[in-house]
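In the working numbering, the protein residues as written are 5 to 352.
All C-beta atoms in this analysis are idealised placements derived from N, C-alpha and C, irrespective of residue type, glycine included.
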Amino acid sequence: MASAPETVPMLATAAAENEDTNARETATHRMPPIMLIDTLTTQGYCTVHTSTGPFRLYYELHGHGPQKVLFVAGSGASLLSWRLQIDHFASQPEYQVCAYDARGVGWSDAPPGLYTTTDMASDALCLLDTLPGWNRDVHAVGCSMGGMVLQEIAIRDPTRFTTLAFLSTSPGRVLFPWRTTLSFLRLCITFDFELRVRRATSLFYPADWLRQTPAPESEGHRLRLASNFLYIRHFLKAWLPYIRYQPLTGVLGHLSAVLRHRVTAARLRPAVTDHPPMRSLVLVGTNDKVAPPQDSLLLASYLQAPVYVFSGSGHILAVEQTRRLNAILHCHFMAQPIAITPDATFAV
């Protein structure tokens, strides 16, 4: 159950930004700083009521278009992990984007206890229930743990969605590779910025890609950075004024949700196949060290969905394959053919 959201409408002008600062400061809860001010239309909190008490989810709406797109981030990741997708889609007149910080991360509250992807799916649906126009024909994209949450969302409320896109995720397994779990835990308790960057990039991105010069169409190229590693470092440093480090409660809650997630074909397939307007797509990199690519293939078999495979790519396709991913998602949303290239194709 969700309460009416506490919101602050935003206008993309310097004068309006100053005026809205005062409005935010006088609100019941001070609103977080905004990174993507040019496309932002609303920021707010949605109060979610649970058996253990209420807590708040922080969310942002970007753009004004009729096509609604929900982005669900992965474990430990704030809504800014979708920055390149928010900026791309919200700047187009046909789209409106909703991105939020899950319980236990970012500017949302971190309630105590062990989280489940089922609970986190309920959180997301509570949020959507408070947003006008988000009760039907919604497109949803989830990465990693966000893809797990999206599976539970689809099971609980399949008629709300037109398309689903699952990036670098899994239907669940008893144990993830121990090296992955250890690396993730080390990352979560690393607070030195430079060490955190090194650990994050080695876990989420292929070493060869990190050494390469940024692609001509990328933000890293425009900034004249010499390598993708420096691009990611710049990217993360720019976030610092806009994020909060994840509390231990959130770290353990997210880890609990990931390790205990389990969706079977019997649960998932009817939610998708019994609702013909809904279309699903699975996307994965062959060099993903976090979510084994075979898990994406298994999920696709449950969904009876196509799998788009990026040869040599790692876990964070939203950054590593920004331009191509945005184009693929647009085609998926609009039911248009998706291009095949030598290093990115559909799995047979």
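Under three-state DSSP, which class holds Q250? To locate residue 250, count along the sequence shown from 1; it is residue 246. In the structure shown, Q250 sits in coil (DSSP, three-state: anything other than H, G, I, E or B).
Do A158 and A275 have their C-beta atoms closer together than 9 Å? In the sequence shown, residue 158 corresponds to position 154, counting from 1. In the sequence shown, residue 275 corresponds to position 271, counting from 1. It is a contact, given that the beta carbons lie within the stated cut-off.
Is R140 near R164, with beta carbons less than 9 Å apart? Walking along the sequence shown from the start, residue 140 turns up at place 136. Walking along the sequence shown from the start, residue 164 turns up at place 160. Result yes, Cβ atoms of R140 and R164 sit closer than 9 Å.
Give the straight-line distance between the Cα atoms of P36 and T205, rounded to the nearest whole angstrom. For the purposes of this step, residue 36 is taken as the residue at position 32 of the sequence shown. For the purposes of this step, residue 205 is taken as the residue at position 201 of the sequence shown. One C-alpha to the other measures close to 26 Å.
Return yes when the Cβ of V52 is within less than 9 Å of the Cβ of R107, no when it is not. Numbered from 1 along the sequence shown, position 103 holds the residue referred to as residue 107. Numbered from 1 along the sequence shown, position 48 holds the residue referred to as residue 52. Yes, Cβ-Cβ distance for R107 and V52 is below 9 Å.
Excluding sequence positions up to five away, which residues of its chain have a Cβ less than 6 Å from the Cβ of P162? As a working note, residue 162 is residue 158 in the sequence shown. If we look at P162 and ignore the five residues flanking it on each side, its Cβ neighbours are A275 and H279.
Using 8 Å for Cβ pairs, my map puts S126 next to L61. What's the rounded Cβ distance? Sequence index remark: in the sequence shown, residue 126 carries index 122 (1-based). Sequence index remark: in the sequence shown, residue 61 carries index 57 (1-based). Not a contact, Cβ separation roughly 11 Å.
State yes or no: is the C-beta of F93 within less than 9 Å of the C-beta of L287? Taking the sequence shown and counting its residues from 1, one reaches residue 93 at position 89. Taking the sequence shown and counting its residues from 1, one reaches residue 287 at position 283. It is not a contact, given that the beta carbons lie outside the stated cut-off.
By how many angstroms is the C-alpha of P341 removed from the C-alpha of A81? Locating residue 81 in the sequence shown gives position 77, counting from the first residue. Locating residue 341 in the sequence shown gives position 337, counting from the first residue. Distance between the alpha carbons of A81 and P341: 31 Å.
Three-way DSSP call (helix, strand, coil) for E98 in this model: As a working mapping, residue 98 is identified with position 94 in the sequence shown. Residue state, collapsed to three classes: coil.
Distance check for C147 and A18, CA to CA, integer angstroms please. Here residue 18 refers to the residue found at position 14 when the sequence shown is read from its first residue. Here residue 147 refers to the residue found at position 143 when the sequence shown is read from its first residue. The predicted position of A18 is uncertain, since its pLDDT is 25 and thus under 50; a value taken from the coordinates is nonetheless stated next. For A18 and C147, the distance between alpha carbons rounds to 33 Å.
For T32, does the count of other Cβ atoms within 10 angstroms reach 16, so buried, or fall short, so exposed? If you number the sequence shown from 1, residue 32 lands on position 28. In this predicted model, T32 has a pLDDT of only 46, less than 50, meaning its place in the structure is not dependable; the value taken from the coordinates is given anyway. So T32 counts as exposed.
Just to confirm the assignment, what range does the alpha helix (DSSP H) spanning T122 have? Looking up residue 122 in the sequence shown gives position 118. Residues T121 to D133.
Which same chain residues, not among the five before or five after S315, have their C-beta less than 6 Å away from its C-beta? Indexing the sequence shown from 1 puts residue 315 at position 311. T290 and D347, listed in sequence order.
Compute the Euclidean distance between the alpha carbons of P251 and V153, then round it to the nearest angstrom. Along the sequence shown, one-based indexing puts residue 251 at 247. Along the sequence shown, one-based indexing puts residue 153 at 149. When rounded, the separation of the alpha-carbon atoms in P251 and V153 is 20 Å.
How is P70 classed by DSSP in three states: helix, strand or coil? Within the sequence shown, residue 70 is the residue found at index 66, counting from 1. If DSSP states are grouped into helix, strand and coil, P70 belongs with coil.
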